[in-house]
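A.B. asks: Take this structure, written in structure tokens, and hold onto it; I'll ask about it next.
In the working numbering, the protein residues as written are 17 to 441.
In structure tokens, the structure reads:
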């Protein structure tokens with residue numbers, strides 16, 4: 017009889033190999049990456065452009081451009097675009113990130129050929145109609161004003177500003193006056209120099225046929241432009257205030273953001289550092305959760321994570337706490353950082369974290385879309401093909417002694433930038 021009071025044995029994860037993608041260089045200079053899996057009759061197409069916040073010529077231009085891309089073309093209105101996508105039971109959206117902007121289409125494999133002319137039209141022929149443009153600006157400003165009434169948003173915004181510096185694109189805070197002054201001409205110019213198919217990376221995954229491959233190569237690989245890609249000079253992060261308080265007098269909670277600049281994904285210790293961060297605050301059983309949520313009851317949740325981006329990487333500890341517990345929560349965070357520096361992680365705890373990380377990684381490869389997301393990370397962060405194999409190997413043999421050395425090097429409370437958003441302490 018099964019004894020449900022005894023946990024099942026944990027089996028070591030066998031090596032996991034990320035499926036290989038076929039990569040084609042197209043005539044206009046774009047690259048087409050294809051990852052095939054016919055388990056389901058669906059495909060995902062992503063056309064990724066160097067058009068994120070990093071490339072902003074002025075506050076919010078990249079954000080507005082992405083949001084306006086589906087608002088009409090020379091041959092289709094926004095309503096016609098939406099109706100055509102809905103007719104085929106598909107999904108089409110454009111999102112702007114810190115480094116890239118991504119146009120994503122999900123559809124049944126048999127409908128890709130019918131939808132591709134629409135995709136090309138949206139990318140190459142947007143008209144940015146004035147009425148929709150003004151509405152997009154108004155909605156964005158309203159949303160930001162609402163968000164800036166929240167301690168969590170204010171803390172995250174100020175933390176990025178202080179971590180990377182005001183001159184760094186990652187640290188730039190949206191300036192409402194500049195944003196309001198943005199014109200359709202501004203986003204047209206931005207679009208012309210960033211949404212170039214010749215400088216894009218194209219990812220097609222799912223139930224991909226040879227006909228699909230030829231179709232994309234023809235429609236996306238032969239279009240060229242005389243416009244030159246936008247090039248932004250490298251800017252190094254310049255951290256500013258190490259301790260900062262954003263006052264929100266009427267709030268009953270405080271939001272904490274504590275962290276520092278962090279080694280990139282290419283760093284030799286990167287995989288070991290992932291284990292260290294996971295022990296500290298990367299899963300529900302982490303030290304920060306056990307101390308600050310379970311034992312002290314200061315918060316419903318606290319986390320530690322790393323944000324790897326193309327131009328810089330940050331480490332952050334975040335939590336929303338009862339305002340009266342702000343100082344105590346920070347003290348306990350410091351205590352957990354110091355404990356990792358002073359004492360070796362017990363073998364049983366470290367093994368639990370290793371098992372969790374390996375299992376979570378395997379779970380994140382359960383669909384071809386997730387596999388392609390992992391592959392995109394390799395492409396955009398210029399990582400070796402062996403990156404994920406190395407990840408599993410290195411988390412498997414990292415020792416408590418090694419993690420203590422890394423904690424001493426990277427987790428000193430004195431090296432952290434701290435931001436509090438909430439009432440006065």
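Note that the Cβ used here is the ideal one computed from N, Cα and C, for glycine as well.
#1: Would residue 62 and residue 118 qualify as a contact pair, given that the criterion is a beta-carbon distance under 8 Å?
#2: Drop a sphere of 10 angstroms on the beta-carbon of residue 218, count the other beta-carbons inside from all chains shown, and report buried for 16 or more, exposed for fewer.
#3: In the DSSP output, what is residue 228 paired with across the bridge?
#4: Give a yes or no on contact between the stretch 152 to 172 and the stretch 96 to 113, applying the rule of three or more CB pairs nearer than 8 Å.
#5: With three or more C-beta pairs closer than 8 Å as the rule, is the stretch 216 to 234 touching the stretch 188 to 202?
#6: How about residue 60 and residue 385: are their beta carbons less than 8 Å apart?
#7: What residue from 273, 88 and 149 has the CA that sits closest to residue 432's CA?
#8: Within its chain, find whatever has a CB closer than 7 Å to the CB of residue 130; leave out the 5 residues flanking it on each side and keep chain order.
#9: Can you tell me whether residue 163 is buried or exposed? The criterion is at least 16 other CB atoms within 10 Å of its CB, across all chains shown.
#10: So, with DSSP's three-state summary, where would you put residue 429?
#11: For residue 278, which residues in the same chain have their Cβ closer than 7 Å to its Cβ, ignoring the five residues on either side in sequence?
#12: Might you give, ordered along the chain, the residues of its own chain that have their beta carbon closer than 7 Å to the beta carbon of residue 145, omitting 5 neighbours on each side?
#13: With the cut-off set at 8 Å, would you say residue 235 and residue 101 are in Cβ contact?
#14: If we ignore side chains and look at the alpha-carbon of each, how far apart do residue 343 and residue 441 end up?
#15: Can you list, in chain order, the residues of its chain with a C-beta nearer than 8 Å to that of residue 291? Leave out the 5 residues immediately preceding and following it.
#16: Out of 319, 398 and 206, which has the shortest C-alpha to C-alpha gap to residue 245?
#17: I'd like the ranges of any beta strand (DSSP E) spanning at least 3 consecutive residues and lying wholly in the stretch 317 to 362.
#18: With distances taken between CB atoms, is the gap from residue 302 to residue 360 smaller than 8 Å?
#19: Where does residue 36 fall in DSSP's three states?
#20: Tell me whether the beta-carbon of residue 338 lies closer than 8 Å to the beta-carbon of residue 314.
#21: Grouping DSSP H, G and I as helix and E and B as strand, with all else coil, what is residue 187?
#22: Relative to the C-alpha of residue 216, which candidate in 165, 203 and 241 has its C-alpha closest?
#23: Could you tell me how far apart the beta carbons of residue 377 and residue 408 are, in whole angstroms, since I believe they sit closer than 8 Å?
#24: Rounded to whole angstroms, what's the CA-CA distance from residue 229 to residue 200? Just pull it up for me.
#25: Between which two residues does the beta strand (DSSP E) harbouring residue 395 extend?
#26: Using a 10 Å radius around the Cβ and a threshold of 16 neighbouring Cβ atoms, would you call residue 424 buried or exposed?
#27: When you compare only the Cα positions, how much space is there between residue 288 and residue 271?
#28: For residue 122, write down the residues that DSSP places opposite it in a beta bridge.
#29: Can you look up residue 280 in the DSSP assignment and give me helix, strand or coil?
#30: Can you look up residue 260 in the DSSP assignment and give me helix, strand or coil?
#31: Give the straight-line distance between the Cα atoms of residue 204 and residue 177, rounded to the nearest whole angstrom.
#32: Are the stretch 247 to 263 and the stretch 304 to 311 in contact at 8 Å, needing three or more beta carbon pairs?
C.D. replies: On the basis of the supplied data:
#1: Against a cut-off of 8 Å, the Cβ pair of residue 118 and residue 62 comes out as a contact.
#2: buried
#3: DSSP lists no partner for residue 228.
#4: no
#5: no
#6: For the 8 Å CB-CB criterion, residue 60 and residue 385 form a contact.
#7: Of the listed residues, the one whose Cα sits closest to residue 432 is 273.
#8: 104
#9: exposed
#10: For residue 429, the secondary structure class from DSSP, reduced to helix, strand or coil, is helix.
#11: 322, 329, 330 and 331
#12: 87 and 88
#13: no
#14: 8 Å
#15: 366, 369, 370, 373, 411, 414 and 419
#16: 206
#17: 329 to 338
#18: no
#19: Reduced to three states, the DSSP call for residue 36 is coil.
#20: yes
#21: DSSP places residue 187 in the helix class (H, G or I) of the three-state scheme.
#22: Looking at the Cα atoms, 241 is the closest of the given residues.
#23: 7 Å
#24: 35 Å
#25: Unbroken run through residue 395 is the alpha helix (DSSP H), 384 to 396; no beta strand (DSSP E).
#26: exposed
#27: The straight-line gap from Cα to Cα measures roughly 28 Å.
#28: Per DSSP, 60 and 107.
#29: DSSP places residue 280 in coil when its eight states are reduced to three.
#30: strand
#31: So the two alpha carbons sit approximately 28 Å from each other.
#32: Judged by Cβ distances under 8 Å, the stretch 247 to 263 makes no contact with the stretch 304 to 311, as fewer than three pairs qualify.
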